[in-house]
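Enquirer:
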Amino acid sequence: MKQQIAIMSLLFTIICANNAKAQQPNMQDKPGFIFGLTGGLSAPGGNYTKTDFNDPKSGFAGPGFNIGVTGTWFINKNWGINALISYHSYSFKGLQVLADGFKDAFAIDSSTVNTQGSNYSMNFLVGPYYSLPIGKKFSFDSRLLVGLVNAHLAGMQMFFEDQAASTFTQKESTANTFGLQLGIGGRYAISKHSGIMLNIDYFYSKPDFSINYENRNNNAGRWITSYNEPIAGLNTNLTLYYILHP
C-alpha cells in the first residue's frame with residue numbers, strides 16, 4: 053500500500069511540474085477527458101463483517117483499502133461517462149473466535165486457525181457522471197457505476213494440536229457477480245490540467261461463493277457449503293487527476 057501511494061504521489065508531482073506554467077483553471081470550461089489515480093480506505097459492513105461462530109452468515113472480514121484507475125469522458129460541461137477499474141482488499145478478523153469455536157465443537161484441548169489467501173475483489177464498472185462547477189476551481193461531482201465484480205473469499209486451515217489427523221482446510225473461493233458503486237466528491241483544480249478530489253462511494257455486490265473443504269470428515273461446528281452475503285460498505289478516497297481539454 054505504501055509503495056502504491058508513493059507511485060501515485062510521484063506521478064502527481066510530475067503532472068503538477070509539467071503544468072506549472074499552464075493557464076489558470078476554470079471549472080466552467082468543458083473538461084473533455086479526465087484520467088485519475090485513486091486510492092483509500094474500504095470499510096465493509098453487515099454480515100460480511102460479523103464474527104459469530106454459530107452464524108453461517110458471518111464473513112469474518114474487516115476494513116481494508118482500495119486502489120484503482122478511473123477515466124471520465126465529458127459529453128458537455130456537466131455530464132460524462134465514467135469508467136473505474138479498482139482492487140479492493142479486506143482484512144480477516146476473528147481467528148481466535150474460530151479457533152475457540154472449533155475447539156469446543158470437536159471437544160479437543162487446543163486448536164489454531166490460519167488464513168489461506170485473502171479477501172479481495174476486482175471491480176470493472178462504468179456509468180453516468182455529473183459535475184456541478186462551483187466557482188473557477190471547485191466542483192461537486194457524483195457518479196453511479198455498475199458492472200462486473202470478481203470477488204475472492206479467503207480460505208482457512210484449522211489445525212488441531214492433539215488430533216493432527218483431523219486438521220482440515222476450508223479452501224479459497226472465487227465468484228463473479230454484478231456490482232454497483234454510488235459516489236459523491238469535491239474536485240479542486242490546481243492547474244488547468246491537474247487537480248485532486250476527495251470522494252466517498254457506497255459499494256455493493258453479492259457474490260455466491262461455493263465452499264469446499266479438504267480432509268474434513270467431521271461436520272461438527274461451523275460447516276458452510278456456500279456463502280451468499282452482500283459485500284457492501286463505504287470507500288473514502290483521494291483521487292489525483294489529469295485533464296485533457298478538447
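53 is the number of the first residue of the sequence shown in this note's numbering; add one for each residue after it. Think of the CB as a built atom: it goes at the ideal place given N, C-alpha and C, for glycine as much as any other residue.
Could you round the C-beta distance between residue 131 and residue 180 to whole angstroms and report it? I think they count as a contact, below 8 Å.
Expert: 7 Å
Enquirer: Consult DSSP for residue 227 and reduce its assignment to one of helix, strand or coil.
Expert: strand
Enquirer: According to DSSP, simplified to helix, strand and coil, what is residue 130?
Expert: coil
Enquirer: Give every residue of the same chain whose Cβ lies closer than 8 Å to the Cβ of residue 281, excluding the five residues on either side of it in the sequence, and list them in chain order.
Expert: 98, 99, 100, 109, 111 and 258
Enquirer: So residue 203 is in the beta strand (DSSP E); what residue range does that whole segment cover?
Expert: 190–205
Enquirer: Tell me where the alpha helix (DSSP H) around residue 153 begins and ends.
Expert: 147–158
Enquirer: For the beta strand (DSSP E) containing residue 96, name the first residue and the last one.
Expert: Counted as a single uninterrupted DSSP element, the beta strand (DSSP E) harbouring residue 96 occupies residues 85–97.
Enquirer: Pick out whichever of 244, 260, 145 and 252 has its Cα sitting closest to the Cα of residue 285.
Expert: 252
Enquirer: Got a sec? Which residues, its chain only, sit under 7 Å from residue 250 by beta carbon, not counting five neighbours each side?
Expert: 237, 238 and 290
Enquirer: What residue range does the beta strand (DSSP E) around residue 175 cover?
Expert: 171–186
Enquirer: Is it true that the CB of residue 244 sits closer than 9 Å to the CB of residue 297?
Expert: yes
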